[in-house]
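A short write-up of the structure that comes next.
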Amino acid sequence: MKMIPVIMAGGSGTRLWPLSRAMFPKQFLNVASDQSMLQETVSRTKNWSVDETMFLCNEDHRFLVAEQLRAMNENSARIILEPAGRNTAPAIALAALDIVEKHGDSLMMVMAADHIIENQPAFDVAVEQAKALATNDKLVTFGIVPTAPETGYGYIKRGNAINENGYDVEAFVEKPDLPTAEDYLASKDYYWNSGMFMFKASLYLSELAKFSPEILTACKAAYAQSASDLDFVRAGKEEFLASPDDSIDYAIMEKTALAAVVPMDAGWSDVGSWSALWDVDTKCENGNATNGDVILTGTKNSLVHATSRLVTTVGIEDTVIVETKDAVMVAHKDKVQDVKAIVNELKSRDRNEVAHHREVYRPWGKYDSIDNGERYQVKRITVKPGAKLSVQMHHHRAEHWIVVSGTAKVTNGDKDILLTENQSTYIPVGVIHALENPGKVDLELIEVQSGSYLGEDDIVRFEDRYGRVQG
1 MKMIPVIMAG
11 GSGTRLWPLS
21 RAMFPKQFLN
31 VASDQSMLQE
41 TVSRTKNWSV
51 DETMFLCNED
61 HRFLVAEQLR
71 AMNENSARII
81 LEPAGRNTAP
91 AIALAALDIV
101 EKHGDSLMMV
111 MAADHIIENQ
121 PAFDVAVEQA
131 KALATNDKLV
141 TFGIVPTAPE
151 TGYGYIKRGN
161 AINENGYDVE
171 AFVEKPDLPT
181 AEDYLASKDY
191 YWNSGMFMFK
201 ASLYLSELAK
211 FSPEILTACK
221 AAYAQSASDL
231 DFVRAGKEEF
241 LASPDDSIDY
251 AIMEKTALAA
261 VVPMDAGWSD
271 VGSWSALWDV
281 DTKCENGNAT
291 NGDVILTGTK
301 NSLVHATSRL
311 VTTVGIEDTV
321 IVETKDAVMV
331 AHKDKVQDVK
341 AIVNELKSRD
351 RNEVAHHREV
361 YRPWGKYDSI
371 DNGERYQVKR
381 ITVKPGAKLS
391 VQMHHHRAEH
401 WIVVSGTAKV
411 TNGDKDILLT
421 ENQSTYIPVG
431 VIHALENPGK
441 VDLELIEVQS
451 GSYLGEDDIV
461 RFEDRYGRVQ
471 G
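Residue numbers (full-length UniProt numbering): 1 to 471.
Given below as structure tokens:
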């Protein structure tokens, strides 16, 4: 039976702040290798016989997903956009409806885009074992063989053996306290809940109809209103918003009589905190995991991540230090779960560092806000070959563009001009303009904005190839 990988690429990853932000969360970060976690997840499917890979993501992250797939020459992807976050049960329902519509019926291998699997052969074995159960009408979840009495995960208690590789699920258990987790570990009957699943698309929908019909009704209506937009499939927003917010565990897995668990011991981690990343990262003889320009003296069992400058430490232990262009976070390794409290405080102060990095990715490339002050802002803009920014104007700011490298095709009022290295143009307030890279290499330019208001919402778009013009 055909199998479709379904990769869930939503989520904000707040516990890995400041590297992970709402608009650039952890699944898009290169934290464990030279590929992002999403790209690693895609690579994990390469040993399988797969005709198409499906991605579920939200509107804000759609171009990040598409760009990371393009960078790895992944051309068999189908990207379904969730109009709003409604948890995993409705998102998987959209995928199941699409699979039944496009493929008749298939097995769905549901994975999160932000997990690490260190042992690919062991993972592949578990997937094959799950196939045998899923083909015979089981809703299969993957239980991680626990290595410690972890209190940060939910657990799955296995029941009777179905075959030599799988068990009925006796119970799903919430995150335990430490004594309970120690009992779970000693019993060998409990597994960490990985959040990965395999089942027939049709079976998922039939069980959803039985246990959470209101979710299925809303998702069917949303899928019926779906429309293609560039490389994306966008579900109907109003219809999807009518769905309850519920996880697959609560909506189906805890209620169905068809749940099965396949144990998996494959070096799995959901990288749910900086200490979890330290656990799986390569460490020196002093137990330190480092990334970037880092010099350590008298430092032990620490994680130091430098993004944009030199970071040095002297005489520290069990510490996490993460530096980005606009923020530095320092925490004791045992307290990194409390990073969420910092994120909540930033939200309460309406700080931009919650959502955006200083360097912001756009469908056409990226920009880096390298300086700003009263009535001015300076950005370094990178435009990908063949990409074009929207035709737009501003009510409150003028702009001066200086080309650093590459070639820029500029619309400035009623004139179209080509600019190359060291050439520039000035765009007055209220003038309609556009920027395009007609060349084969990246276009790099410096933009100097000046005016009474410099916010990103002072953009009136007239044309946009990325669907950002409001009707």
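Each residue gets a CB set at the ideal place from its N, CA and C atoms; glycine is no exception. Computed from a predicted model, the values in this text were never measured in an experiment.
Opposing strand residues paired with residue i [DSSP bridges]
i	result
C57	L81
Q392	H433, R461
S228	V233
F24	R21
A408	L419
T14	DSSP output for T14 lists no bridge partner at all.
H400	Y426, V448
Separation of residue j from residue i, as counted between CA atoms
i	j	result
Q264	I295	What sits at residue 264 in the sequence shown is Met, not Gln. C-alpha separation (whole angstroms): 38 Å.
I116	G267	8 Å
N301	R70	37 Å
L81	G386	25 Å
R86	C57	11 Å
S424	T411	13 Å
I252	L454	48 Å
G471	I144	Confidence is the limiting factor: at G471 the pLDDT is only 45, short of 50, which leaves the residue's position unreliable and the question unanswerable from this model.
H400	R461	19 Å
T180	P149	8 Å
P5	R78	10 Å
V100	S106	7 Å
R362	E463	16 Å
residue 472	D183	Here the chain covers residues 1 to 471 and nothing more, so residue 472 does not appear.
A242	C284	51 Å
S452	Y466	28 Å
V431	S450	14 Å
M72	L178	42 Å
V280	I156	23 Å
Nearest neighbour of residue i, chosen from the options [CA to CA]
i	options	result
T407	E359, K157, K131, D442	D442
Y204	D137, D270, T151, S76	D137
R309	H400, E52, D318, V328	V328
V429	Q392, V404, K415	Q392
V320	T290, N160, I342, V343	T290
A434	Y184, V448, I417	I417
K440	A96, T313, K409	K409
S226	G236, H305, Q129, M54	G236
C219	N30, F63, L94	L94
T297	G287, L303, L216, T313	T313
S269	V50, A112, F24	A112
D189	T217, S202, R158	R158
T135	Q35, A260, I215	A260
Spatial neighbours of residue i in its chain, beta-carbon cut-off 6 Å, leaving aside the 5 residues before and after
i	result
N437	V383, P385, A387, L443
S212	A251
N160	D168
Neighbourhood of residue i by C-beta, 7 Å cutoff - its chain only, sequence neighbours within 5 removed
i	result
T307	G292, E323, T324, K325
K255	F211
Neighbourhood of residue i by C-beta, 8 Å cutoff - its chain only, sequence neighbours within 5 removed
i	result
K26	G11, G13, L16, L19, S20, M37, D114, V271
D124	N47, W48
| Complete alpha helix (DSSP H) runs within the region 132-219 (minimum length 4 residues, chain order) | 178-187, 201-211
| task | Just list the alpha helix (DSSP H) runs in the region 269-336, keeping only unbroken ones of 4 residues or longer that don't cross its boundaries, in chain order. | result | 274-280
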